[in-house]
Amino acid sequence: MFLDSYSSFDLDGSDDRGLPDAPAEGGGVHFWLFRVACLMWRQGRNATEIAGYLNERSPRVDKGEIEDAIRNAAKAVGIKGTGTDGFDFGEHQGAREKKMPTARVDEALLGKLLRDDPDAICRLPFMSPDNPAEFTCAQIIDRLFPGDPFVCLSGPEGPATAFTARRQEWRGQEHLRPLIVPNPMTARSGLNQSGKETARSLANTGPRRYLVVESDYKKNQPGGIQTQAAVIRHLAANFRCPALVCFSGNGSLHTWFPVLPGDSDGPGGSLFQFHEYCVSLGCDPATWVRCQLVRTPGAWRNNRCRQVVVYLDLAQVHRG
Numbered sequence: 011m012f013l014d015s016y017s018s019f020d021l022d023g024s025d026d027r028g029l030p031d032a033p034a035e036g037g038g039v040h041f042w043l044f045r046v047a048c049l050m051w052r053q054g055r056n057a058t059e060i061a062g063y064l065n066e067r068s069p070r071v072d073k074g075e076i077e078d079a080i081r082n083a084a085k086a087v088g089i090k091g092t093g094t095d096g097f098d099f100g101e102h103q104g105a106r107e108k109k110m111p112t113a114r115v116d117e118a119l120l121g122k123l124l125r126d127d128p129d130a131i132c133r134l135p136f137m138s139p140d141n142p143a144e145f146t147c148a149q150i151i152d153r154l155f156p157g158d159p160f161v162c163l164s165g166p167e168g169p170a171t172a173f174t175a176r177r178q179e180w181r182g183q184e185h186l187r188p189l190i191v192p193n194p195m196t197a198r199s200g201l202n203q204s205g206k207e208t209a210r211s212l213a214n215t216g217p218r219r220y221l222v223v224e225s226d227y228k229k230n231q232p233g234g235i236q237t238q239a240a241v242i243r244h245l246a247a248n249f250r251c252p253a254l255v256c257f258s259g260n261g262s263l264h265t266w267f268p269v270l271p272g273d274s275d276g277p278g279g280s281l282f283q284f285h286e287y288c289v290s291l292g293c294d295p296a297t298w299v300r301c302q303l304v305r306t307p308g309a310w311r312n313n314r315c316r317q318v319v320v321y322l323d324l325a326q327v328h329r330g
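Plus 10 on top of the position in the sequence shown (first one is 1) and you've got the numbering used here.
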């Protein structure tokens with residue numbers, strides 16, 4: 011059984027409770043949460059104690075992720091919760107209360123952006139410093155992920171077909187994989203919070219290299235794509251220069267913003283605030299998750315539409 015190995019963990023570098031120290035960011039924090047929660051349940055600790063301990067040792071992990079790890083660990087070691095939501099986690103507070111930025115859509119500002127820039131969808135390609143038509147899907151991925159890192163791509167069937175391999179192993183197949191994790195992976199697989207090995211998890215996703223913003227406001231509705239383009243032009247002119255903008259093939263635009271030196275993912279950090287502002291302009295909050303799949307630039311969607319790159323600035327690629 012998978013959990014049998016927990017009784018023989020190597021506890022070198024552990025704290026005074028005999029529990030392993032938290033790894034560095036990108037070193038398997040989510041699996042560490044799960045395994046420490048398993049050990050603490052077996053020590054007879056309650057949910058409040060476990061939550062407080064994990065939050066103290068991993069202050070950058072949000073409250074919801076800690077509680078999910080505790081629930082999954084309880085299930086794994088055969089402990090049942092009580093109460094309406096399973097367990098009483100007490101009043102522990104993570105440094106990040108939200109798993110991803112959330113904000114109400116500012117319809118008034120969106121209307122103003124469209125009125126001020128009604129031809130944004132036509133103007134956007136003319137802003138492009140480089141000509142996207144000169145680059146194939148493979149060449150764009152080469153620029154986004156230089157060298158031979160692990161890259162996670164998924165087929166047209168969806169996230170269940172996600173697979174992680176070296177960049178060179180994907181050569182010649184990229185255009186047939188319409189979904190991609192916009193950050194390099196650290197290994198072919200990792201363990202999720204349930205202890206399951208998977209090709210796409212936070213545990214095997216490296217530090218954020220790109221923040222992809224999906225503008226899907228009123229997707230496939232009148233004025234939708236025009237408003238999305240106006241939002242992107244507004245962001246580019248006032249906040250950050252994008253590396254590329256890709257059409258999803260189904261009514262939305264994906265904009266890749268490079269992570270810059272000094273950017274912070276934490277609450278109040280530059281990236282978090284920027285994405286929260288994007289969400290207020292109708293963008294999807296889900297792309298905040300580092301291992302979230304987004305549209306592969308230049309690949310073919312399963313509806314036989316190409317995910318065309320409409321804007322490309324190679325000077326912004328991999329600036330961090």
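For each residue, glycine too, the CB sits at the ideal point set by N, CA and C.
Looking at Ser225 and Cys293, is the spacing between their C-beta atoms short of 7 Å?
Cβ distance < 7 Å, so Cys293 and Ser225 count as in contact.
Inspect the beta-carbon positions of His264 and Val222 and report whether they are closer than 7 Å.
With a cutoff of 7 Å on beta-carbon distance, His264 and Val222 are scored as near each other.
Check each candidate in Gln326, Cys288, Arg177, Arg314 and name the one with the smallest Cα separation from Ala240.
The shortest Cα separation from Ala240 among Gln326, Cys288, Arg177, Arg314 belongs to Cys288.
Is the beta carbon of Cys162 less than 7 Å from the beta carbon of Ala309?
No, the Cβ-Cβ distance between Cys162 and Ala309 is not below 7 Å.
Quick one: what's Cys293 bridged to in DSSP?
Paired residue(s): Ser225.
In the structure shown, what three-state DSSP assignment does Asp116 receive?
Coil.
Do Arg81 and Ala32 have their CB atoms nearer than 7 Å?
Against a cut-off of 7 Å, the Cβ pair of Ala32 and Arg81 comes out as no contact.
Out of curiosity, what's the CA-to-CA distance linking Thr112 and Phe282?
Here the C-alpha atom of Thr112 lies approximately 10 Å from the C-alpha atom of Phe282.
Between Arg314, Ser274, Pro192, which lies nearest to Gln302 when the distance is taken from Cα to Cα?
Closest by alpha carbon: Pro192.
Report back the beta-carbon spacing between Ala209 and Phe155 to the nearest angstrom; my notes put them in contact at under 8 Å.
Between the beta-carbon of Ala209 and that of Phe155 there is about 16 Å, and that puts the pair past the 8 Å contact cut.
Looking at the structure shown, is Ile76 part of a helix, part of a strand, or coil, going by DSSP?
Looking at Ile76 - three-state DSSP - the assignment turns out to be helix.
Return the residue from the list Cys256, Glu286, Ile76, Val87 that minimises the CA-CA distance to Gly54.
The candidate whose alpha carbon is nearest that of Gly54 is Val87.
For Leu189, three-class secondary structure by DSSP:
Looking at Leu189 - three-state DSSP - the assignment turns out to be strand.
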